[in-house]
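Chemist: Please find one structure pasted underneath; my questions will follow.
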Amino acid sequence: QKEVEQNSGPLSVPEGAIASLNCTYSDRGSQSFFWYRQYSGKSPELIMSIYSNGDKEDGRFTAQLNKASQYVSLLIRDSQPSDSATYLCAASYNFNKFYFGSGTKLNVKP
Amino acid sequence: AAGVIQSPRHLIKEKRETATLKCYPIPRHDTVYWYQQGPGQDPQFLISFYEKMQSDKGSIPDRFSAQQFSDYHSELNMSSLELGDSALYFCASSSHGLGVYNEQFFGPGTRLTVL
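Structure representation (structure tokens):
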């Protein structure tokens, strides 16, 4: 079992819709959580970081953290075809443990 | 803003050869991480360095070694290359000055092909 679990997808949403991506983590000591976007053959790009319970919004992106339930989610509003990519959830405990999920492939249909 | 620099971007080697990958972290970042990503897989953590000392070790083969130098750049040395070593190799950097947040920023990667 991986430390961070994600549904591999693909998740298909129509253009303009809200895409909802979820992940769960097993290490209760995890302190920081991240969402990376990765296009095929490219490097992961950090799009959101969250450390406290609740919501954090940045433009069209909202990250949600629930430490009691050990889940993190990412909402993408007004999804665009350019959002089509693999989204990696990651959790970190101090600086010596950093776990990636397997990624969820998002497909935004025009 | 300056990003993580990796060189070379592409590398082709024969089996049993040696390869060296280089990583230059974002200025003032003190921690470097190496990842290997095969086709369709998530990045697999190999090894990390903080202030030139190894800080954590993941699934790095014994044939691989790495170090971080006084200018904080890092090199990943890969010997006795095997076909299965063909992958994208990413370097990421972060700064302990950010506290517990540990935001890692990735370089563009080196695509290694072993023939």
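Line order of the protein sequences matches chains E and D.
In terms of the numbering used here, the first sequence opens at residue 95 and continues consecutively.
In terms of the numbering used here, the second sequence opens at residue 250 and continues consecutively.
C-beta atoms are modelled at their ideal positions from N, C-alpha and C, and glycine is treated no differently.
#1: My output table needs one value for residue 108(E): the three-state DSSP class, helix, strand or coil.
#2: For the candidate residues 171(E), 148(E), 169(E) and 173(E), whose alpha-carbon lies nearest to that of residue 161(E)?
#3: Could you list which residues in chain D have their beta carbon closer than 7 Å to that of residue 155(E), in chain order?
#4: Which residues in chain E sit within 8 Å of residue 356(D), going by Cβ to Cβ distance?
#5: Which same chain residues end up closer than 8 Å to residue 258(D) when comparing Cβ atoms and leaving out the 5 residues on each side of it in sequence?
#6: Measuring CA to CA, which of 289(D), 263(D), 267(D) and 296(D) is closest to residue 281(D)?
#7: Chain D partners of residue 148(E), CB-CB under 8 Å?
#8: Taking all protein chains shown into account, do 16 or more other C-beta atoms lie within 10 angstroms of the C-beta of residue 112(E), making it buried, or fewer, making it exposed?
#9: Does residue 320(D) come out as helix, strand or coil in the three-state DSSP assignment?
#10: Quick check on this structure: which residue in 121(E), 107(E) and 108(E) has the alpha carbon closest to the alpha carbon of residue 99(E)?
#11: Relative to chain E, which residues along the region 302–335 of chain D have a C-beta separation below 7 Å, given in chain order?
#12: Does any residue of chain D bring its CB to less than 7 Å from the CB of residue 196(E)?
#13: What does the alpha-carbon distance come out to for the pair residue 331(D) and residue 260(D)?
Modeler: This is what the structure holds:
#1: Walking along the first sequence from the start, residue 108(E) turns up at place 14. Of the three classes helix, strand and coil, the one that applies to residue 108(E) here is strand, per DSSP.
#2: Residue numbering aside, residue 161(E) sits at position 67 when the first sequence is read from its first letter. The shortest Cα separation from residue 161(E) among 171(E), 148(E), 169(E) and 173(E) belongs to 148(E).
#3: The residue labelled residue 155(E) in the question sits at position 61 within the first sequence. Result: empty, since nearest Cβ-Cβ is about 15 Å, beyond 7 Å.
#4: Locating residue 356(D) in the second sequence gives position 107, where the first residue counts as 1. Going along chain E in sequence order, the residues near residue 356(D) (Cβ under 8 Å) are 137.
#5: Numbered from its first residue, the second sequence carries residue 258(D) at position 9. Counting only Cβ-Cβ distances below 8 Å, and skipping sequence neighbours, we find 357, 358, 359 and 360.
#6: The count along the second sequence starts at 1 and reaches residue 281(D) at position 32. The shortest C-alpha separation from residue 281(D) is found at 296(D).
#7: Taking the first sequence and counting its residues from 1, the one referred to as residue 148(E) is at position 54. Result: empty, since nearest Cβ-Cβ is about 16 Å, beyond 8 Å.
#8: Taking the first sequence and counting its residues from 1, the one referred to as residue 112(E) is at position 18. So residue 112(E) counts as exposed.
#9: Looking up residue 320(D) in the second sequence gives position 71. Here residue 320(D) sits in coil by DSSP.
#10: On the first sequence, residue 99(E) is found 5 positions in, with the first residue counted as 1. Cα-wise, what sits closest to residue 99(E) is 121(E).
#11: 304 and 305
#12: Start at 1 with the first residue of the first sequence, and residue 196(E) comes out as number 102. Closer than 7 Å to some Cβ of chain D, the Cβ of residue 196(E) qualifies, so yes.
#13: The count along the second sequence starts at 1 and reaches residue 331(D) at position 82. The count along the second sequence starts at 1 and reaches residue 260(D) at position 11. If you take the alpha carbons of residue 331(D) and residue 260(D), they lie about 14 Å apart.
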